[in-house]
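For the sequence shown, this note's numbering begins at 1327 and goes up steadily by one.
Backbone N, C-alpha and C define an ideal beta-carbon position, used for all residues, glycine too.
All of these numbers come straight from a predicted model, not from anything done at the bench.
A short worksheet on the structure shown next.
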Amino acid sequence: MRFLLLCVWLFPWLVPVRAQAAAYEVDPEDTAEPALFALREDGAITAETFAALTVLRRTGVDLANASRANLYGLPGLTYARVDGVLGA
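Quick look at the structure:
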């Protein structure tokens, strides 16, 4: 019985996680700051998401020099897509 419980407990740690995009509540279609602010006011995104997307909007991402982690932080990009961008 202990072995079974140990296996059940370890299963989530041993199974690889599917590559998913960075977790944002919504995929903003309009990334202008007023649109992001409206999403925040409506409760569609959290304050943390608003701050992260606003920083991305203000600073931008240079695709030629961006790291894998920086690209993964962009909405809608999975690690597979990021690797495709970096490999191209």
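Flag this pair as yes or no: are the beta carbons of Leu1403 and Leu1412 separated by less than 8 Å? Position 77 of the sequence shown, counted from the first residue, corresponds to residue 1403. Position 86 of the sequence shown, counted from the first residue, corresponds to residue 1412. Not a contact, by the Cβ cut-off of 8 Å.
Under the three-state reduction of DSSP, which class applies to Val1352: helix, strand or coil? As a working mapping, residue 1352 is identified with position 26 in the sequence shown. DSSP places Val1352 in coil when its eight states are reduced to three.
Just to check my reading of the structure: Glu1359 and Thr1375 have Cβ atoms closer than 8 Å, yes? What is that Cβ distance to the nearest angstrom? Position 33 of the sequence shown, counted from the start, is the residue given in the question as residue 1359. Position 49 of the sequence shown, counted from the start, is the residue given in the question as residue 1375. About 13 Å; that fails the 8 Å criterion.
Count the other CB atoms within 10 Å of the CB of Val1387; is the residue buried (16 or more) or exposed (fewer)? Here residue 1387 is taken as the residue at index 61 of the sequence shown, counted from 1. Exposed, by the Cβ-count rule.
Between the beta-carbon of Arg1384 and the beta-carbon of Ala1373, is there less than 8 Å? For the purposes of this step, residue 1384 is taken as the residue at position 58 of the sequence shown. For the purposes of this step, residue 1373 is taken as the residue at position 47 of the sequence shown. No. Outside cutoff.
Quick one: what does DSSP say Leu1365 is sitting in, helix, strand or coil? Taking the first residue of the sequence shown as position 1, residue 1365 is located at position 39. Note: Leu1365 maps to helix in three-state DSSP.
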